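Residue 800 in my numbering sits at position 179 of the sequence shown, with consecutive numbering throughout.
Beta carbons: idealized from backbone N, C-alpha and C, even for Gly.
None of the values given here were measured: they were computed from a predicted structure.
Report on the structure given below.
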Amino acid sequence: MAASTAVLLDVKGASRSFGGLKALSEVSLHINKGELIGLIGPNGAGKTTLFNLLTGVYPPSTGKIMLNNESVGGMKPFKINHKGAARTFQNIRLFTAMTVLENVKIAFHQHARHSLFSSMLRLPKHFKGEQEITQKAMDILKIFNLADQSEETAGNLSYGNQRRLEIARALAAGPKLLLLDEPAAGMNPNETRDLMNLIAWIREEFDLTILLIEHDMSLVMGVCNRIYVLDRGILIADGTPVEIRNNPKVIEAYLGQEA
């Protein structure tokens, strides 16, 4: 899928301070509709802090965050989610005591067409709506090869499958922008390769725009259209995978020496 020239996410001069520590400093970036963008940098570079600004976990100290031409900087996470941004986390955050199917159904319920009133009274509209949600959730689980484990407790899944379930749940929210925070963490090379193919496929199939934090450079270089690089809270480079791979500032940031 070719990326549109229309900008979906536009960040201008975003900064975030925690007391005297400036975690992000004047970060500006943009993502066009349909792009798959990588966000990389050494540990402590500010990548997850930026994700937290984009999804409302923290408000920016300064700067603007525009999602689909609407300012979302400082909005609550659930409101930004309703505006079309969904995310996964560096540390998996599933409802581990609930089933695999229930984890995905939760994401669908925010868009449910049946009301709380019909659910309380157990009206026919409630049962029809629940049936539709269950079917949609199962369809998502089939994509991630988790349908046969739908009644399994989420906490009993392997680490790799918990990662896949978290992405499935984020996808079930119907986002325009999907933010993946180290989705390949803890995966073996075969799982990482399968994940790379899956990310490329869901971007195409669901007409998504994706922002990806990842330390596995083979994944980033293999799927991303463009890459932004953070180092100590400052954006030091952006460009194509080839440009980033050969950028002296990026090499210095990772190796700690001049290229």
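Looking at the DSSP output, Asp852 sits in a beta bridge with Ile855. Straight-line measurement puts the Cα of Ile761 at about 11 Å from the Cα of Ile754. Of the residues assessed, Thr676 falls on the buried side of the cut-off, its CB having 16 or more other CB atoms within 10 angstroms. Between Ile788 and Pro804, the beta carbon gap of about 6 Å places them in contact (Cβ cut-off 8 Å).
One alpha carbon belongs to Ala874, the other to Asp852, and they sit about 7 Å apart. Under DSSP, His651 shares a beta bridge with Asp631. In this structure Ile872 does not touch Ile848 by the C-beta definition: roughly 14 Å separates them, more than the 8 Å allowed.
Rounded to whole angstroms, the Cβ separation of Ile686 and Gln783 is 29 Å, and the two are not in contact under 8 Å. The DSSP-derived three-state label of Gly659 is strand. Secondary structure remark: continuous beta strand (DSSP E) runs of at least 3 residues inside the region 657 to 701, in chain order: 657 to 661 and 683 to 688. As computed with DSSP, Leu642 is found in a beta bridge with Phe639. Contact between Asp859 and Leu650 holds: CB atoms are separated by about 7 Å, below the 8 Å threshold. If you ignore the 5 residues before and after Lys763, its C-beta comes within less than 6 Å of no other C-beta in its own chain. Under DSSP, the beta-bridge partners assigned to Ala706 are Leu798.
With contacts defined as CB atoms closer than 9 Å, Leu786 and Thr830 fail to qualify as a contacting pair. In terms of Cβ geometry, Gly655 and Thr717 do not form a close pair [threshold 9 Å]. Boundaries of the alpha helix (DSSP H) harbouring Leu786: Tyr780 to Ala793, taken from the DSSP string.
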